[in-house]
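Data block below; observations after.
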Amino acid sequence: MTDKQRLLIIGNGPVGHQFIESIIESGRGEQFAITVIGEEPRPAYDRVHLTAWFETREAASLNMVKDGFYSDNNITALTHEKVIAIDRAAQIVSTDKGEQYPYDKLILATGSFPFVPPVPGHDRKNCFVYRTIEDLEAITAAAANAKVGAVVGGGLLGLEAAKAIMDLGLKTHVIEFAPRLMAVQVDEGGGALLRRKIEDLGVSVHTQKNTQQIIDGDDCVHKLQFADGAELETDILVFSAGIRPQDALARQCELAVGERGGIVIDNACLTSDPAIYAIGECALWGGRIYGLIAPGWDMARVAADHVLGGVEEKAFTGADMSTKLKLMGVDVASIGDAHATTPDAKCYTFIDEKAEVYKKIVVSSDGQHLLGCVLIGEANDYGTLLQFALNKITLPEQPESMILPSLDGSAGVGLGVDALPDVAQICSCNNVSKGDLCAAVQGGAMTVGDLKACTKAATTCGGCTALVGQVLNAELTKMGVEVNTDLCEHFPYTRQEIFHLVKVGQIKSFAELLEKHGSGHGCEICKPTAASVMASCWNDYILEPKLAGLQDTNDRYLANMQKNGTYSVVPRMAGGEVTPDGLIAVGQVAKKYNLYTKITGGQRVDLFGATLDQLPKIWSELIDAGFESGHAYGKSLRTVKSCVGSTWCRYGVQDSVGKAIDLENRYKGLRSPHKLKMAVSGCTRECAEAQSKDVGVIATEKGWNLYLCGNGGMKPRHADLFASDIDTDTMVKYIDRFLMFYVRTADRLQRTSVWMENLEGGLNYLRKVIIDDSLGICAELEADMANIVDTYQCEWKTTIENPEKVKQFRSFINADKTDKEIVFIQERGQIRPATEAEKIADKDLIAVA
Amino acid sequence: MSWTTVCRLDEILPNAGVAALIDETQVAIFRVDDKVYALANKDPFSNANVLSRGIVGSIQGTLVVASPIYKQHFSLEAGNCLEDDGVSIPCYQARTEGELVQVQVNS
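Those protein sequences? They're chains R and H, same order as listed.
Here the first sequence stands for residues 1 to 849, where the numbers follow the working numbering.
Here the second sequence stands for residues 1 to 107, where the numbers follow the working numbering.
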């Protein structure tokens, strides 16, 4: 009929469906004629969350197939049809509806069936299994006339079934053959705690019970008789005693199957017939059936890749069987060798009977590596522990610290990046976790550059560079490698040391600093650092000839460079306050130069798309209208955000806008190791979100509460309450001291939040330095700040008043032209940079105004 | 092939760069210790004409400019990217003739 390759999938469960999705996602779905045959009345649904069906009783809620998926991709999906035979020689399958379907490649995703122990009476009425939506519908119907329910099997699925029965309002029993619940994943201690927690919920647990037969009950429908003579009566019975691979078709057509069932597959998921694959719970790999969904999905992807010609060279090489789940509201997690079967493995156990928490880790005999773990009652450490186990990350010297609670209740403070779990995503652009970075360091990466090259972290937006550096240092320290804290190859000093060299030596130029303390020509790390430090100390105009070439990208032209080489311009609107005339003036400038206009998170207006030569013209108009530089380009104070405060608000207790304007005017222009953000809220409702700022002020009935070292952004941190109910003078004094202490001691590009977390002694130490003057430097810090405040100048005003400086903003030194490769596209009534494709298409392009 | 005079040397700040337009070619010219160097002004990673606005310095003895966009380093003397062996940008002859800065652009 067609020359397309015919793919036939038997079994439309989650794994079969994953296979089809993998083929479609490859973008080559059109090369295949895909047919999927399922014996259930509906296409693939999420069997893992079967119990969730009880919440809605709607099969659709578990549906895994998007509307239109089959028709959009020309897939033939047959439901309620059962394949009864495979003719391997003719490559044809036959179904119970008398149909025949030919194939080029056949994928067996037939799954498994629940094992029902062959005890007499197992086939009485109201005896069920727990696998399909139909099973759940039948259990629900039977429960309507029942009072008692019992589940045979205390494993993962059995406990799920028990929850379902309990939720149906029945007295619930769990009957387990082994001495404990979840015997595969959980050890004795964990099992005991799990049992107690589940019994607390009202479920009766019966372990070491071997059911002999099921007969008529006296009070209930059934009576179970156990080998030890005990009996239990129940109205409905659910068997959940494990699974068996559904390999009947494979046996019929004489594919190789395992001794105890399962279709034998190789690393490509191929069976003994090179035209037939088997994936999921019906497949036997390395003598093992994988009864979890994740390995099934892996197999589906591997088989799909192989059908596509092995483009990605995927292979199935076994799977990690670690699990974490919530069973009846109880957190249960198990990793690797949970039973400590590895020779000489050592265990650490932590039991909190009050909180009902059980944690055990299994560690290699040398204490270096995590082999396994069991967590019951609280599994927050699962992610970190799994990273250690999977990545063979070296354990801390005292492995028990991995599971012991922190006794001072202050986990996190002073821990820095160590407090992050390894699964924490560091680089969101390239999806690199802390674990990825740590593994790269273990593998030999020694610098941030190495990490960028081998993990791609920090190579897209670069926003995580500082965090990547911290992970690197923390990891190197752990490995016993001496961490090089030199600023760069030109200066064997930290930023803090450079600060002292500049200040004590009265150094005012980079040339002098380099001559006295460095080597080479400098670079884009030490030059802006020196420029920032000299600005913090001397506050000279940053575009002085000796300073201009040191400034970082944005400082260099007093504007924020965007991806196409144009700049954005932000006039200061202290406290977010702006007059109507001011707003009109900004609008007129934006309109004249056709700038894209956006309101910032810091309560002001950002104007995008200005070329280098437009900047001085734009600024002379803004300055004429009464504006000044907003320092949005600097590692300096950005804005002091405010709510409207007591002047207007019915709830405000202080004039937050007035206070914000005062603070912004006081600290504007201060160069610091990184940008600074502040906010003032007029009451405890905190509408200005001050607790997410470096400096946050919240009005109280008696004065101000001062919060320090908060951060939004990539790694949010709530600010710490530093002082309460202080008056305005005290507040300003503390902020002066705090800012100058941070400016003196922080690393390059280290926000106050990270600085605080790395500060030995943390918040209490900071209070001693700033409030108690424990270092005796407060007078000096205040004097330094006073000097900065007194020597403030609007950098843009200074610039446009000096024709020599304005010349620096020409697009070309030898031509009075603008870069004609800068072009825009109209979108939502404003410009945006044209993409490369749009430039080539050369349609509707807008030139610089 | 001829030399094009672009500007006076004192129009370029020491250890910094300027952009010049030579015919239709955008060139970045850098001044280091009174010597001048010329590269293409286009940053190949962002396709923006910005390299003249980068910070000039040295990495392991090689004179470089760091792209102001994503900070890759390009050798002032050869145009190769230090972070990515496969990337290189055009590098032009540059000289000072008395007070004048001159560049040779093949066209």
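Don't be surprised by glycine CBs; every beta carbon is placed ideally from N, CA and C.
- Closest in alpha carbon position to R:D123, among R:A815, R:F809, R:G111 and R:Q213, is R:Q213.
- One finds S46, A48 and I69 in chain H with Cβ atoms closer than 8 Å to the Cβ of R:K563, taken in chain order.
- DSSP, reduced to helix, strand and coil, places R:H17 within a helical segment of the structure shown.
- The same chain holds no residue with a CB closer than 7 Å to that of R:E99 once the five nearest residues on each side in sequence are set aside.
- Closer than 7 Å at the C-beta level to chain H, one finds these residues of the stretch 806-837 of chain R: S811, F812, I813, N814, A815, K817, D819, E821 and E836.
- Secondary structure at R:T730: helix, using DSSP grouped into helix, strand and coil.
- Counting along the chain, H:C7 sits inside the beta strand (DSSP E) bounded by residues W3 to R8.
- Leaving aside the five residues that flank R:G372 on each side, the residues in its chain whose CB is nearer than 6 Å to its CB run, in chain order, I335, G336, D337, A338 and V362.
- Residue pairing by DSSP places R:C373 opposite R:I335 and R:I361 in a beta bridge.
- Close to R:E524, with beta-carbon spacing below 7 Å, are these residues of chain H in chain order: I55, G57, A66 and K71.
- Taking every protein chain shown into account, the CB of R:W648 has fewer than 16 other CB atoms within 10 angstroms, so this residue is exposed.
- Taking every protein chain shown into account, the CB of H:R8 has fewer than 16 other CB atoms within 10 angstroms, so this residue is exposed.
- Residue environment: R:A783 is assigned as exposed (fewer than 16 neighbouring CB atoms within 10 Å of its CB, all protein chains considered).
- Each residue's CA atom was taken as its position, placing R:V129 and R:C709 some 56 Å apart.
- In the three-state reduction of the DSSP assignment, R:V311 falls in the coil class, being assigned neither a helical nor a strand state.
- Of the residues assessed, H:S2 falls on the exposed side of the cut-off, its CB having fewer than 16 other CB atoms within 10 angstroms.
- Within chain H, L13 have C-beta atoms less than 7 Å from the C-beta of R:P545, given in sequence order.
- An exposed status is given to R:V481, since fewer than 16 other beta-carbon atoms sit within 10 Å of its beta-carbon.
- The DSSP-derived three-state label of R:V657 is helix.
- By the rule that beta-carbons nearer than 8 Å mark a contact, H:A19 touches chain R.
- Restricting attention to R:E254, R:Y667 and R:Y290, the CA atom closest to the CA of R:G242 is found in R:Y290.
- Taken residue by residue, none of the stretch 434-449 of chain R has a beta-carbon sitting less than 7 Å from a beta-carbon on chain H.
- Listed by position along chain H, the residues whose Cβ is nearer than 9 Å to that of R:T728 form an empty set, because the closest Cβ is around 41 Å away.
- DSSP, reduced to helix, strand and coil, places R:T323 within a strand of the structure shown.
- C-alpha of R:A162 to C-alpha of R:H718: approximately 42 Å in a straight line.
- Separation of R:R131 and R:T394 (C-alpha to C-alpha, rounded to the nearest whole angstrom) is 41 Å.
- Contact of H:A78 with chain R is not assigned, every C-beta pair being separated by 8 Å or more.
- Under the Cβ criterion (8 Å, minimum of three pairs), the stretch 551-558 of chain R does not count as touching the stretch 574-584 of chain R.
- Here R:N74 is exposed: its Cβ has fewer than 16 other Cβ atoms, across all protein chains shown, within 10 Å.
- Following the DSSP letters along the chain, one finds R:M678 inside the beta strand (DSSP E) bounded by residues L676 to S681.
- CA-to-CA, the gap between H:G79 and R:G469 works out to about 28 Å.
- Secondary structure remark: continuous beta strand (DSSP E) runs of at least 3 residues inside the stretch 32-83 of chain R, in chain order: 32-37 and 75-78.
- The beta carbons of R:P43 and R:T79 sit closer together than 8 Å.
- Within its own chain, the residues whose Cβ lies closer than 6 Å to the Cβ of R:E795, once the five positions on either side in sequence are excluded, are L558 and S629, listed in chain order.
- A distance below 6 Å between beta-carbons, with the five flanking residues on each side excluded, links H:Q93 to the following residues of its chain, in chain order: Q104.
- At a cut-off of 8 Å, the C-beta of H:C81 has no neighbouring C-beta in chain R.
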